[in-house]
Every structure is written in C-alpha cells, then in structure tokens.
Amino acid sequence: MTALSQSVFHCAASIAALGFLAVALPAGAQPIGTSQPTSSANTALNTGGQGDGLGLRLGYYDDYRNISLFHETAPWWSHQLQNGWGRLDLNGELGLTYWDATHGRPESLWQLSATPMLRWWPNEYVYTEIGVGATVLSRTSFADRNLGSAFQFGNHIGVGVLISQAHQLGLRFSHFSNAGIKEPNDGLDIVQLTYTYRY
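Using mature numbering (1 follows the signal peptide of the UniProt record, and there is no 0), the letters of the sequence shown correspond one by one to residues -29 to -1, 1 to 170.
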C-alpha cells in the first residue's frame, strides 16, 4: 500500500467514525419519517437527496477501470444541524462492480459491496460524503496485484451535486484493502464518477 493510500485510509476511517457518532449522538437526531418541528428555512434543506436511488458509477485509476450498478437507500437517519450548518444523512449502498485491467493479470474481477455513507448537505444542492463498508471479491489477485483475501474494506470520500430532485452527480475516491488481515495486501485505488436517479 502506498503512503497516499495509507493516509486516505486512516483519514477516511477516522472521519467516518466521528461522523457516525455525530449522527447517532445528537439529541435532535431522529429516524426519517419522525415528526419534528422545522423552520421554513430548514424545510428546503430537508428536500435534497431524500429518496431511494439507482445509480451507475464509472471508475478509472492507472492500469484498471471499473463500472458499478448500485442501489442507494433513502436516509436511515437524518439530523438537521443548528445555525444554518445544513443536514447530516446516513444512507446505505449495495453495489455490484466489474473491474477490468488495461495491463496486468488477471484481467477481470467482480465485487459485491455494502456501505453506509455519511453525507453532509450544507444546502439542498451540494454534499460531501464519507463511508467505510465491506466488500467481497471474486478473486484475490487482479492486474498484477495480490489482494491477500476475498474480503476487503472499502473506504470512500467524495462530493456531489443534486441537479434536480431526481438526478444527482458525484465524484468519489475509493480505496479497497483488507486492512492487514492477510498479507500481502496490495489494495486498489479508484476515482469514480457517479450518476444516481432518485425515485
């Protein structure tokens, strides 16, 4: 694992842990659908990214690329921050990904992933996100890399924009590794462009 990958991994894990606490601990946090008083200013903030979604994700990095189909849940939990700081949402993602190597062997790989994603919406149009989830790979080597084990952790950080109530675009950096459970642990990094259709 490169120094950049290690830094991103530790940063993502730390921020995600703090973020999950931020969602779970505030006194005002309630499940979606639970009534709570909101001001007219907060009502607009509660409209962005609230439904279930289906998405397509295209990724590229060095000598490989991937394509993902995924389902994203409506927020499991949502917390309106005070003093105009926006909203925190906790969503779930379930995805199936195909990886293709432009150089190196093996040349292909399938991946199944499940990830909770914490999103901060400073307004109803833009968000930042971070998450740590579990993934299972169809093999333990890919593109001349030894991944050590079929089980991997996925660490994600990204940004996005809500174009309309139904259409969302995002950019995400992801790192996959087994966190040293089994050596060698070469890991995979990828930058991905995401489109989500909400319904």
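C-beta atoms are modelled at their ideal positions from N, C-alpha and C, and glycine is treated no differently. Here the structure is a predicted model, which means the values were calculated and not measured.
Inset, instruction - Could you name the residues of the same chain whose beta carbon sits closer than 8 angstroms to that of LEU142, not counting the 5 residues immediately before and after it, in chain order? - result: GLY129, VAL130, GLY131, VAL162, GLN163, LEU164, THR165
Inset, instruction - Have a look at ALA137 and GLN21 and give me their C-alpha separation to the nearest angstrom. - result: 10 angstroms
Legend entry - Nonlocal neighbours in the same chain, by C-beta distance under 8 angstroms from ILE152, ignoring five residues either side: GLY119, SER120, PHE122
Legend entry - Sub-9 angstroms separation of SER84 and GLU100 beta-carbons: no
Legend entry - Alpha carbon of PHE147 to alpha carbon of ASP60, nearest angstrom: 23 angstroms
Inset, instruction - Assign TRP56 to buried or exposed, taking buried as 16 or more other Cβ atoms, counted over all protein chains shown, within 10 Å of its Cβ. - result: exposed
Inset, instruction - Compare the C-alpha of VAL107 against each of ARG36, TYR69, GLU78, LEU140 and name the closest. - result: TYR69
Inset, instruction - Would you check if the distance between the CB atom of GLU78 and the CB atom of ALA105 is smaller than 9 angstroms? - result: no
Legend entry - Nearest to ASP34 (by Cα), restricted to the options GLU154, HIS74, ARG110: HIS74
Legend entry - Nearest-angstrom Cα separation, counted from GLU95 out to GLN139: 12 angstroms
Legend entry - SER145 versus ASP71, TRP48, TYR31, VAL97, residue with shortest Cα-Cα distance: TYR31
Legend entry - First through last residue of the beta strand (DSSP E) which encompasses ASP60: 58 to 72
Legend entry - DSSP-derived helix/strand/coil call for LEU105: Sequence check: residue 105 is Ala here, not Leu. In the structure shown, ALA105 sits in a strand (DSSP, three-state: E or B).
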